[in-house]
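Number of protein chains: 2
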Amino acid sequence: MLSLPEQIAAQLAARIIAGTDAPGQRIMEQALAAEFKVSRGPVREALRLLEKDGLVTILPRRGAQVTKLSIPEVREIFDIRIALNGLRDRSIAEDPERLKLLPALEAGVAELARLARNARHNNEYVEQVFQLNRTLTGALRNARLRAMLDPLAQQTLRYSRLGLASELRRRQSVKHWQELIKAVRDGDGERAQRAAEARVRASRDEAVKKLRELADC
Amino acid sequence: MLSLPEQIAAQLAARIIAGTDAPGQRIMEQALAAEFKVSRGPVREALRLLEKDGLVTILPRRGAQVTKLSIPEVREIFDIRIALNGLRDRSIAEDPERLKLLPALEAGVAELARLARNARHNNEYVEQVFQLNRTLTGALRNARLRAMLDPLAQQTLRYSRLGLASELRRRQSVKHWQELIKAVRDGDGERAQRAAEARVRASRDEAVKKLRELADC
DNA sequence: GTCAATAAGATTGTTGACAATCCTACAACC
DNA sequence: GGTTGTAGGATTGTCAACAATCTTATTGAC
Chain A
1 MLSLPEQIAA
11 QLAARIIAGT
21 DAPGQRIMEQ
31 ALAAEFKVSR
41 GPVREALRLL
51 EKDGLVTILP
61 RRGAQVTKLS
71 IPEVREIFDI
81 RIALNGLRDR
91 SIAEDPERLK
101 LLPALEAGVA
111 ELARLARNAR
121 HNNEYVEQVF
131 QLNRTLTGAL
141 RNARLRAMLD
151 PLAQQTLRYS
161 RLGLASELRR
171 RQSVKHWQEL
181 IKAVRDGDGE
191 RAQRAAEARV
201 RASRDEAVKK
211 LRELADC
Chain B
1001 MLSLPEQIAA
1011 QLAARIIAGT
1021 DAPGQRIMEQ
1031 ALAAEFKVSR
1041 GPVREALRLL
1051 EKDGLVTILP
1061 RRGAQVTKLS
1071 IPEVREIFDI
1081 RIALNGLRDR
1091 SIAEDPERLK
1101 LLPALEAGVA
1111 ELARLARNAR
1121 HNNEYVEQVF
1131 QLNRTLTGAL
1141 RNARLRAMLD
1151 PLAQQTLRYS
1161 RLGLASELRR
1171 RQSVKHWQEL
1181 IKAVRDGDGE
1191 RAQRAAEARV
1201 RASRDEAVKK
1211 LRELADC
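Note that the protein sequences, when read in sequence, are chains A and B. In terms of my numbering, the first sequence opens at residue 1 and continues consecutively. In terms of my numbering, the second sequence opens at residue 1001 and continues consecutively.
Below, the structure is given as C-alpha cells:
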C-alpha cells in the first residue's frame, strides 16, 4: 500500500515522463491539492519525493517546476550512468547467482535484436532497453546503488529516444548487450563493466549530438 | 540564508556525524519541534532532507531513526564511492582548468603526509582526508555528481576512522594521493581514476576488516 | 508459564487557517 | 522612454488541532 504522497508522486511522475507536463512548467501546490482532493501537506511531500528523483526542481519560496535539463546537464547524468551502470553490470557478472538471471536477459536481448531491425519500432526498442535495465538493476544486491540508478535511468529515458533513431546505432547497441550476456555467463566482471560503459557512452554521445542538432533549429 | 528546515537539518546532521545521536536511536518529531521551538512541519521536512543524505532512515508510520549501517551496507557505500570518486578524479584531471587546483591539492597532501607520520594524529589525518575530498568535489563541474558524492563521503566518515589506524595504511594512502597529484598535473584522466579507485578500495577493505573485528567482540 | 486479544497511550499523517514572501501591474520620477 | 517604487494578488512557509495508526502493557485463556 502506497502512502498518499507516494500515490500523488507516482501520478505526477507518469505525467512528467510522458511529457504531458512539459519541462520548465510551473507546478502549484494549491492546484494539485484541489485536483487530488487532498490538502497541501501530502502534495508538498510528493513534490519533495519527485525532487529526489530529479523530475521536479524546487526553488525556495518560489515553488516547484518540472525539471528542465540543459545539454551539459543531460551529459552529466549520462556520465554518472556510465560509472554506475559499469559498477552494476560488473557486480551482476560477479554474483554467484547470476545464472538465474541469464534466461530473462537472453530473452530480453533477443527481443531487442528483433525490434532493432525495423526503424518503426524505435519507441518499442527504447522501452525494451529500459525494461532490460530494470531487470538488471532489480537483480542488484546493493540496494543503495539500485536507488541511485532508477531515477537516473528515468531522467535519461526521454533523451535516449533521440539517440536510437539510426539503424546503425541500434545494431551497435544490440552488440553491446550481447557482449554483456557473454560476460555474465563467464562471470567476467571487468568485461561486463567495459561493455556497460561502452553502451551508455554511445547512448550519451548520440543523445548529446541529437540535442545539439535540435537546439540549432 | 538557510531555510528553517535546512537549519534544523544542519544541526541534526552535526549531532549524528559527531556521534551524539547514536545509530539506531529513535527520533521523534514532537521532541525536536519542542527543542527547536517550531511546529512539527519544518521538523518533518528536515528529517526528509537528512533521509536524502542517508543520515536518517524513515519508516512509514513508525517515525525516523539515526541510520544504522550493517557491514554489507558500509561496503555497498564504499563500492559506490569507488566508482564515483573514480569519475570525479578523472573529470578533474581532464579539466582544462585543473592547474588552478594543484596548489591547494599539493598543500593538502603535504599536510596529510606530515600527519601520517604520527599515530596520535589519526583523527586529524582522517579530517584532512575529508577536507581534501571536499576540495576535489568542490572543483567539480558536474553538479549532480557533487550532490551525490558529498552525502556518501559524510556517511563513510565515521567508518573511515577505523581503517586508518595503522601506519602502513596511512603511508599507503598518502602514496595514492601523491599519485593523484601527478596524474592531475599531467592531465592523465585514466591514471587519476585508477589512483582514486585504489585509494577508496583500500579504505573500504580496511574499514570492513575493522568492523568485522569489532563485531566479534 | 506462554501466547493471544484488547485497551490505553504515544506517535505519525492530514487538514485548514494564518503569516511571510514573492510576482505583477501600475504609477511617479528622472 | 526607461527606471524605480509601491500596492494588490497570488503562492509558499508555518502552525496547531484532529484523525489514523502503531506500540506497549495488561488481562485472560490454554
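A virtual CB, placed ideally from N, CA and C, is assigned to each residue, including glycine. For clarity, every value in this text was computed on a predicted model and none was experimentally measured.
Closer than 8 Å, CB to CB, is residue i near chain A or not?
i: ARG1048/B; result: yes
i: SER1003/B; result: yes
i: LYS1052/B; result: yes
i: ILE1092/B; result: no
i: ILE1071/B; result: no
Counting contacts by CB-CB distance shorter than 8 Å, is residue i in contact with chain B?
i: LEU32/A; result: no
i: ILE27/A; result: no
i: ILE77/A; result: yes
i: ARG226/A; result: In this structure chain A extends from 1 to 217, so residue 226/A is not present and cannot be described.
i: PRO60/A; result: yes
i: LEU211/A; result: no
i: ARG144/A; result: yes
Where do the N-terminal and C-terminal ends of the alpha helix (DSSP H) with residue i fall, by residue?
i: GLY1108/B; result: 1102-1116
i: VAL200/A; result: 189-216
i: LEU59/A; result: Where LEU59/A is concerned, there is no enclosing alpha helix (DSSP H), although the beta strand (DSSP E) it sits in stretches over 56-59.
i: GLY86/A; result: 71-93
i: GLN7/A; result: 4-18
i: LYS182/A; result: 167-186
i: LYS52/A; result: 40-52
i: GLY1163/B; result: 1143-1163
i: ALA1034/B; result: 1029-1036
i: GLU127/A; result: 122-138
Here's the rule: buried if 16 or more other CB atoms are within 10 angstroms of the residue's CB, otherwise exposed. What is residue i?
i: ASP1021/B; result: buried
i: SER91/A; result: buried
i: GLN1025/B; result: exposed
i: SER160/A; result: buried
i: GLN155/A; result: buried
i: LEU206/A; result: Before going on, a small fix: residue 206/A reads as Glu here, not Leu. The residue is buried, with at least 16 neighbouring Cβ atoms inside 10 Å.
i: GLU167/A; result: exposed
i: ASP186/A; result: exposed
i: GLU1197/B; result: buried
i: ASP1089/B; result: buried
i: PRO1180/B; result: At residue 1180/B the sequence reads Leu, which differs from the Pro that was named. It counts as buried.
i: GLY1108/B; result: buried
Can you tell which of the options has the C-alpha that lies nearest to the C-alpha of residue i?
i: ALA1153/B; options: GLN1025/B, ALA1010/B, ASN1085/B and ALA1215/B; result: ASN1085/B
i: ALA1192/B; options: LYS1100/B, LEU1087/B, ALA1207/B and ASP1205/B; result: LEU1087/B
i: GLY1138/B; options: VAL1109/B, GLN1172/B and LEU1101/B; result: LEU1101/B
i: PRO1042/B; options: GLU1206/B, PRO1072/B and LEU1002/B; result: LEU1002/B
i: GLU76/A; options: ASP1205/B, GLY1019/B, ALA1147/B and LEU1214/B; result: ALA1147/B
i: GLN1172/B; options: ALA1113/B, THR1067/B, ILE1027/B and LEU1050/B; result: ALA1113/B
i: PHE130/A; options: ALA143/A, ASN142/A, LEU149/A and ARG141/A; result: LEU149/A
i: ARG1032/B; options: LYS1210/B, GLN1011/B, GLY1019/B and VAL1074/B; result: It is worth fixing the name first, because residue 1032/B is Leu in this sequence and not Arg. Taking only the C-alpha atoms, the option nearest LEU1032/B is GLN1011/B.
i: LYS1209/B; options: ARG1194/B, LEU1115/B, LEU1162/B and PRO1060/B; result: LEU1162/B
i: LEU1004/B; options: ARG1015/B, ALA1014/B and ARG1044/B; result: ARG1044/B
i: ASP188/A; options: LEU105/A, ARG98/A and SER39/A; result: ARG98/A
i: LEU1211/B; options: PRO1023/B, SER1070/B, GLU1111/B and ARG1061/B; result: SER1070/B
i: LYS1037/B; options: ALA1202/B, ILE1008/B and VAL1126/B; result: ILE1008/B
i: LEU1136/B; options: LYS1068/B, THR1057/B, ARG1201/B and ASP1095/B; result: ASP1095/B
i: ARG1062/B; options: GLN1128/B, ARG1201/B and MET1028/B; result: MET1028/B
i: ARG117/A; options: CYS217/A, ALA202/A, GLU213/A and ALA165/A; result: ALA165/A
i: PRO1151/B; options: VAL1109/B, LEU1049/B, GLN1128/B and GLU1190/B; result: LEU1049/B
For residue i and residue j, which I take to be in contact (beta-carbon distance under 8 Å), what is that distance rounded to the nearest angstrom?
i: ALA93/A; j: VAL174/A; result: Actually they are not in contact, since the Cβ atoms of ALA93/A and VAL174/A sit about 19 Å apart, beyond 8 Å.
i: LEU1132/B; j: TRP1177/B; result: 7 Å
i: LEU47/A; j: ALA34/A; result: That pair is no contact at about 15 Å.
i: ASN1142/B; j: ASP79/A; result: 6 Å
i: ILE82/A; j: ARG204/A; result: 7 Å
i: ALA1013/B; j: LEU1055/B; result: 6 Å
i: LEU1115/B; j: GLU1124/B; result: 5 Å
How far does the beta strand (DSSP E) with residue i in it reach, from first residue to last?
i: VAL1066/B; result: 1063-1066
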